[in-house]
Amino acid sequence: MSTSSKSTLWRLMAILAVFALIVAACADGDTSDDTEAPAETEAPAATEAPADDEPADDEPMDDEPADDEPAPAAFTYAMGMTSDITTTNYWAYYNADGTVYNSYVLGGQAASVFGIDLPSLAVVPSLGVGLPAEAVQDGDNWVITQEIRTDATWSDGTPITAGDIAFTFNTAKDVGLGGSWLSAYIYDVEAFDTALLSVEAPDDATVVYTFTGQPGLGLWPHSVGIAPVMPQHVWQDAVDAALGTEDPVATLQSEDGQGTTGAGGHTLDTWEEGAFVVRSASDNYFGRGDEVVITDNGSYSLNGEWLYGDGGGNVVTEYTDGPYADQVTYSIYSDQSAAMLALVNGEIDYWINPLGVSPGLRDQGLTADNLSIAVNPTNGMRYMAFNLRKSPGSYKGYRQAVAYMVDKEFLTQNVLQGVAFPMYVMVPEGNQKWFNTEFADEQKAKYQGLSEAERLAAAIEVLEADGFSWATPAVIEEGSIVSYPEGLIDPTGTPVAEQEVLAPPASYDPLRATAALWIEGWLENLGVTAVANPTDFNTIVAAIWPGVGEEITFDIYLLGWSLGNAAFPTFHEAFWHSRYLAEVNDGNNSTGFQNAEFDAAADSIIAAQTEEEAYANMWVAEAILADELPYVVLFDTPITEFFNNSLNFPFTSTISGLQFGSGFTALATK
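Residue numbers (the numbering used here): 11 to 680.
Here it is, written out as structure tokens:
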């Protein structure tokens, strides 16, 4: 069989597969495969929005009762998930186990000095008093003295003090925690131009942060200010024991977190692996009763004080913090159709997943009279990542060639039938404040509208410029492909080995599963033997982050990111800076990308003293990524969610939907 006829066959099979998935998704059976894809490994990576799964002040509460109305009755808030958590240990979750499902369940365990409000994206106090304090120069260093509230307690009633904040910083530094701990507390003075030198607690209500230089907005407040805070009285003994072992990180992360003290509206109670998770309401939640008002002119009021603005404009939302649910349960379902069926049948109140409900399953929700709908823009992406540690992924020409071969418009509009929209830059269009339309259009113009022959010709050109060749070259005549190339040979003269394309299975995310099939075919058309391998999500994560010092051997994978803090995106630095290599410190740089020019641009985002400066530096970084292509960003979808009519929220319009606030568990009422 010729290469071109093989190409036609796999495309036909993929189209039929997608059609079958969508039809199945509309049925009542348990074989549906439409998307519920994860925003995966990332939600907690970079800085999370909100920083606390149930921040003290920034989660809205629906239909706040008047003073003479009874408080909402206690209830069980029942959620469904199609992937289990992988740990109950917050230290591990914020290190290498940063899956979005872990963030849904564990995010509220930690406290934070500040949080990112939803839907306004304002920096608001949690433990902090007022707005973030200003940095003051002290010799060669810069110091921030931040007051924190004195009435905050952990769920066991123990006061939360400045000592807990200092303890958390010192634990991250002394134990050598990587992953998001390193990007949150910036403790490595050799790796960062400006690092957090120390955190001190002169008294219970005062935190003193000392930086080696003037902290930019990306450090304060958007990393250190919203970083997790852990209870010293619970974890000090475990930390001391871990420090006495050969591998303190692994030792600390092996501790069971079930039943441990937390700070949010609910704390982790029980995990039955593969079946369910239970979180119970905290009687000592310090945010309970906080009153918030947000208006459309940017005003934000906490307990009657306007922290931003003067209260002008129309009220967007107003609420009183809970929690109102005495328990939150997370039932684990085998696939998307099972979760949707449970939602339609009233077994759960909300199916939480990072990319919402797919069009096929959406029809079930729209026809169910017991469900309400919310549709929102996303703060995420689905992408293809290369392993730059080995050939052929280590060659820019190869990565650029693959990018040319991937026809995103055809994939999203023809194959995926308009379910998704193509993306050409890392910043999602849904985050309008930080999106650069002009640059995105320039990147789109580079690829959009090319014929198959033009794509192949462009791919061949960049491959040859990088020193690649073929056992049998392509033949292109008069703008038509006569024959595809065969047997790609890298610049060292070594035939390119078979490339495995890891992606979640169709039962988990049919969009990426289908995209992987087409990418397999596009690679074959470049003369690369390739195989798409549908693989369990947690198995893919384990292959990408096998542990510090372990060899990382994947070829290509397809996953997705929820991009955390939409108020001040720091994900460029967290995902691709060379100091966050996965094999070095469990960082989020999974591809092994190392580029000094990019590192400087990413550092400049974090160091920026104004948002305007950060924006300019962000698009310098984006330009480098668009050329170097450690990722090929593929597509995304608007997030469509359904929830039971009996469940009430103060608003449903918010970036990345209800799931971005982890279902607003401290605020939902029935």
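Positions of the beta carbon are idealized from the N, C-alpha and C atoms, including for glycine.
Note that this is a predicted model, so its numbers are computed, not measured.
- Around the CB of V146, fewer than 16 other CB atoms lie within 10 Å, so the residue is classed as exposed.
- Here DSSP, grouped into helix, strand and coil, assigns H232 to coil.
- In terms of CA proximity to Q604, S588 leads the group S588, A611, A430, N598.
- In terms of CA proximity to A102, D266 leads the group D306, G489, F564, D266.
- Between the alpha carbons of Y567 and Y329 lies a gap of roughly 42 angstroms.
- Taken in chain order, the unbroken stretches of beta strand (DSSP E) that lie wholly in the region 241-296 and span 3 residues or more are 276-282, 286-291.
- Note on G403: 16 or more other CB atoms within 10 angstroms of its CB, so buried under the neighbour-count rule.
- In this chain, the beta strand (DSSP E) harbouring V642 covers 641-646.
- Note on the region 136-173: whole beta strand (DSSP E) runs with a minimum of 3 residues are 146-148, 151-157, in chain order.
- In this structure, DSSP gives P364 a state outside helix and strand, which the three-state scheme calls coil.
- In this structure, the beta-carbon distance from P514 to L573 does not fall below 9 angstroms.
- Counting only runs that start and end inside the region 507-573, the beta strand (DSSP E) elements of at least 3 residues fall at 509-513, 540-544, 566-572.
- One Cα belongs to I615, the other to G189, and the distance between them is close to 19 angstroms.
- Per DSSP, the unbroken alpha helix (DSSP H) holding L116 starts and ends at 110-116.
- Across the structure, V541 and K183 are spaced so that their CA atoms are roughly 42 angstroms apart.
- For V354 and L426, the gap between their C-alpha atoms comes out near 25 angstroms.
- Counting of Cβ neighbours within 10 angstroms places D646 among the buried residues, the total reaching 16 or more.
- Our two residues, D306 and A251, have alpha carbons roughly 51 angstroms apart in a direct line.
- Excluding residues up to 5 positions away in sequence, Y405, G407 lie with their Cβ nearer than 6 angstroms to the Cβ of D476 in the same chain.
- Taking C-beta atoms as the reference points, A624 and G228 count as a pair closer than 9 angstroms.
- A straight line joining the alpha-carbon of N294 with that of L677 spans about 15 angstroms.
- Taking 8 angstroms as the upper bound for CB-CB distance, T109 and Q268 are not in contact here, some 18 angstroms apart.
- Runs of the alpha helix (DSSP H) lying entirely within the region 367-391 and spanning at least 4 residues, in chain order: 369-377.
- Annotation: W444 is outside any alpha helix (DSSP H) and is labelled neither H nor E by DSSP.
- Rounded to the nearest whole angstrom, the CA to CA distance from A201 to A194 is 14 angstroms.
- When secondary structure is reduced to three states using DSSP, G90 falls in the strand class.
- Counting the other CB atoms within 10 Å of its CB gives P238 a total of 16 or more, which places it among the buried residues.
- By the CB criterion at 9 angstroms, G503 and A481 fall outside the cutoff.
- Under DSSP, A636 forms no beta bridge with any residue.
- From the listed residues W245, A205, E632, the smallest Cα separation to T261 is found for W245.
- Our two residues, N548 and P556, have alpha carbons roughly 11 angstroms apart in a direct line.
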